[in-house]
Amino acid sequence: MTTAQRWVLGITAVASFMVVLDVMVVMTALDAIRTDLGASLEDLEWTVTAYTLTFAVLLMPAAALGERFGRRRVLIVGLSVFSLASAACALAPGVGWLVAARVVQGVGAAGVTPVALAVLSAAFTPQRRGAALGLFAGVTGLATLGGPVVGGVVVEAASWQWIFWLNLPIGAVLVPLAWRRIDEAYGTTRRLDVVGMVLIAVGCFGVVWALVRGNAAGWDSPEVLGALAVGIVAVAAFVRWELRSPQPMLPMPFFARRGFAAGNAATFLMFAAMFGAVFFLAQFFQAAQGTGPLGAGLRLAPLTVTLSVVAPLVGPQIGRIGERSFVTTGMAALAVGFGWLGIVATRDAAYVTLVVPLVVAGVGASMVIPAAQSAVLGAVPASGTGAASGTFNMLRQLGGAFGIAVTAAVFAGYGGYGSAVAYGDGFGPALATVAGMALLGAFAAGALPSRDRRDGEDYIQPPNPTPVQATSDGAGR
Numbered sequence: 001m002t003t004a005q006r007w008v009l010g011i012t013a014v015a016s017f018m019v020v021l022d023v024m025v026v027m028t029a030l031d032a033i034r035t036d037l038g039a040s041l042e043d044l045e046w047t048v049t050a051y052t053l054t055f056a057v058l059l060m061p062a063a064a065l066g067e068r069f070g071r072r073r074v075l076i077v078g079l080s081v082f083s084l085a086s087a088a089c090a091l092a093p094g095v096g097w098l099v100a101a102r103v104v105q106g107v108g109a110a111g112v113t114p115v116a117l118a119v120l121s122a123a124f125t126p127q128r129r130g131a132a133l134g135l136f137a138g139v140t141g142l143a144t145l146g147g148p149v150v151g152g153v154v155v156e157a158a159s160w161q162w163i164f165w166l167n168l169p170i171g172a173v174l175v176p177l178a179w180r181r182i183d184e185a186y187g188t189t190r191r192l193d194v195v196g197m198v199l200i201a202v203g204c205f206g207v208v209w210a211l212v213r214g215n216a217a218g219w220d221s222p223e224v225l226g227a228l229a230v231g232i233v234a235v236a237a238f239v240r241w242e243l244r245s246p247q248p249m250l251p252m253p254f255f256a257r258r259g260f261a262a263g264n265a266a267t268f269l270m271f272a273a274m275f276g277a278v279f280f281l282a283q284f285f286q287a288a289q290g291t292g293p294l295g296a297g298l299r300l301a302p303l304t305v306t307l308s309v310v311a312p313l314v315g316p317q318i319g320r321i322g323e324r325s326f327v328t329t330g331m332a333a334l335a336v337g338f339g340w341l342g343i344v345a346t347r348d349a350a351y352v353t354l355v356v357p358l359v360v361a362g363v364g365a366s367m368v369i370p371a372a373q374s375a376v377l378g379a380v381p382a383s384g385t386g387a388a389s390g391t392f393n394m395l396r397q398l399g400g401a402f403g404i405a406v407t408a409a410v411f412a413g414y415g416g417y418g419s420a421v422a423y424g425d426g427f428g429p430a431l432a433t434v435a436g437m438a439l440l441g442a443f444a445a446g447a448l449p450s451r452d453r454r455d456g457e458d459y460i461q462p463p464n465p466t467p468v469q470a471t472s473d474g475a476g477r
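Residue 357 in UniProt numbering sits at position 357 of the sequence shown, and the numbers go up by one each step.
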């Protein structure tokens, strides 16, 4: 590896680490944000989903911008926007400001993630690219695994604002380094699908708005029904537009392939379950059981650390056993683990009784992510792997936003933040909902082709994901 390549690897890996970290690090800070800013459940939902929704919707358009206007340029703009938005988050005097800043953060993150991977891939020969991508995935995966703990340490040692302030010096170092150490490069110019981007953004926002506002405004209120109708119509219009567009944002014909459609459906539901569970578990340990932010982060460790332990064992076995077996079994394990937690995780429960279900859920996720990714990428010809990978990453971020919205709607219907008892009343049904989403994912995975029945002659066996590629929450591939 040359010195220039080391610089490219270091800059892109650290940039992606920072962006991925902000997906999970906020989870253990939610209770502190609620207390400090007087945030409601709705406010906390938007604090997370404002980032993930924006991130998801703009991932593929940002990649196209990098190809057209220059990858280095888009990477630098993304880093600058993300860093400045982080400062705005830290300075937020109220929830409205914080949510708006999180939207801008998502814009910056979308400019970093896909472009960083393209820059890294272009810097290495095919023979050395695999090793570089493995190191890249390892660094970004650490952000996912350590996010809740890092958030807990920072909030407990300083304040929730510092989870955002920490991004500023990192961005200030990365921007000039990227300008000096990364060569400008362009890709195949393709038309930016602005119509598709607007339609999917309106559709997702409308559906999530209805779910978030349902309990407060009333499920039969004009506001909720109107938002839901707008969302559904926009999503339907998006599908119709993408089917007719000469250069679509999403490769709609790929959804006719069982591996692609079922793999993405299972991934969407897996991340819906994971985000919904972590959103409430991180607060449960604080609001119901009285631990601090650091304690909450450490108590989530069996779930996150299991991913790094089991995923390396799953990857090499996918080709031998088949994706369907791993994804269906993994989703079932996820449903069992979270359903079990919903039963035993009471206000007075000893932590030791929660460890096994957390591990079971972690094992399930470890089986699903690499196998589902293998199914999605293996269902398309080699020329379509870039679009397939972008779709996979977009849908898992959208799944996270959807999962939080659905789970929070159930939580608000049964409990609230008024007391530890009220939180416990809502927590059980919320975890049951998470388990239900995972179970739906198991049924969706049943549509995956068996090991001996791939999706036709275009099937390619993708390389086994590296251990932490399977756990990286936001790294584009």
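Using N, Cα and C, we set each Cβ at its ideal position, and we do this for glycine too.
Asked: Coil, strand or helix - aspartate 455 by DSSP; Found: A caution first: aspartate 455 carries a pLDDT of 45, below 50, which makes its placement in the model too unreliable to give a value.
Asked: Per-residue DSSP class, three states only, for methionine 60; Found: helix
Asked: The segment 164-177 in contact with the segment 33-41 per 3-pair CB rule at 8 Å; Found: no
Asked: Length-filtered (4 minimum) alpha helix (DSSP H) runs lying within the segment 234-281; Found: none
Asked: Short Cβ contact (7 Å threshold) for isoleucine 170 with methionine 27; Found: no
Asked: Whole-angstrom distance between alanine 109 and proline 61, CA atom to CA atom; Found: 12 Å
Asked: Cα-Cα separation between residue 478 and alanine 123, rounded to whole angstroms; Found: Residue 478 is absent from the structure shown; the chain starts at 1 and stops at 477.
Asked: Glycine 330 vs valine 278 beta-carbon contact at 7 Å; Found: no
Asked: Residue from Ala118, Gly446, Ala63, Thr304 with nearest C-alpha to alanine 371; Found: Gly446
Asked: Where the alpha helix (DSSP H) through tyrosine 423 begins and ends; Found: 420-445
Asked: Endpoints, the alpha helix (DSSP H) within which threonine 304 is located; Found: 301-314
Asked: Contacting residues, own chain, Cβ-Cβ under 7 Å from glycine 10 (five flanking each side not counted); Found: none
Asked: Proximity to leucine 75 [Cα-Cα], best of Gly378, Ala87, Ala116; Found: Ala116
Asked: CA nearest to the CA of alanine 273, picked from Ala88, Val103, Ala438; Found: Ala438
Asked: Three-pair Cβ contact test at 8 Å for the segment 259-270 versus the segment 390-408; Found: yes
Asked: Host alpha helix (DSSP H) of tryptophan 162 (start-end); Found: 162-165
Asked: Straight-line gap, arginine 68 to alanine 185 (C-alpha atoms, nearest Å); Found: 9 Å
Asked: Buried versus exposed, by CB contacts within 10 Å (16 or more), threonine 2; Found: exposed
Asked: Pairwise C-alpha distance: glycine 319 and threonine 49; Found: 35 Å
Asked: Three-state class that DSSP yields for threonine 3 in the structure shown; Found: helix
Asked: Rounded separation between leucine 448 and tryptophan 97 - CA only; Found: 43 Å
Asked: Rounded straight-line distance, which links the Cα of valine 207 to that of glycine 384; Found: 29 Å
Asked: Backbone CA spacing between glycine 297 and arginine 244 [nearest angstrom]; Found: 46 Å
Asked: Cβ shell of glycine 258 (< 8 Å), same chain only, five flanking positions each side left out; Found: In the sequence under discussion, the amino acid at residue 258 is arginine, which differs from the glycine named in the question. Excluding sequence neighbours, arginine 258 sits near Ala379, Ala447, Leu448, Pro449, Asp455.
Asked: The segment 403-423 / the segment 311-328 touching (three or more Cβ pairs under 8 Å); Found: no
Asked: Cβ-based neighbour list, alanine 63, same chain, cut-off 6 Å, excluding 5 preceding and 5 following; Found: Pro114
Asked: Three-way DSSP call (helix, strand, coil) for glycine 70 in this model; Found: coil
Asked: Proximity below 7 Å, CB of alanine 29 to CB of valine 155; Found: yes
Asked: Nearest-angstrom Cα separation, counted from asparagine 215 out to valine 175; Found: 44 Å
Asked: Test item: CB-CB of phenylalanine 338 and leucine 281 under 7 Å; Found: no
Asked: Buried versus exposed, by CB contacts within 10 Å (16 or more), serine 308; Found: buried
Asked: Under 7 Å between C-beta atoms of valine 25 and threonine 140; Found: no
Asked: Sequence-distant residues of the same chain with beta carbon closer than 6 Å to threonine 12, five excluded per side; Found: Ala116, Val119, Leu120
Asked: Limits of the alpha helix (DSSP H) - the one that leucine 358 falls within; Found: 352-378
Asked: Inter-residue CB distance, phenylalanine 238 and isoleucine 200 (contact presumed, cutoff 8 Å); Found: 5 Å
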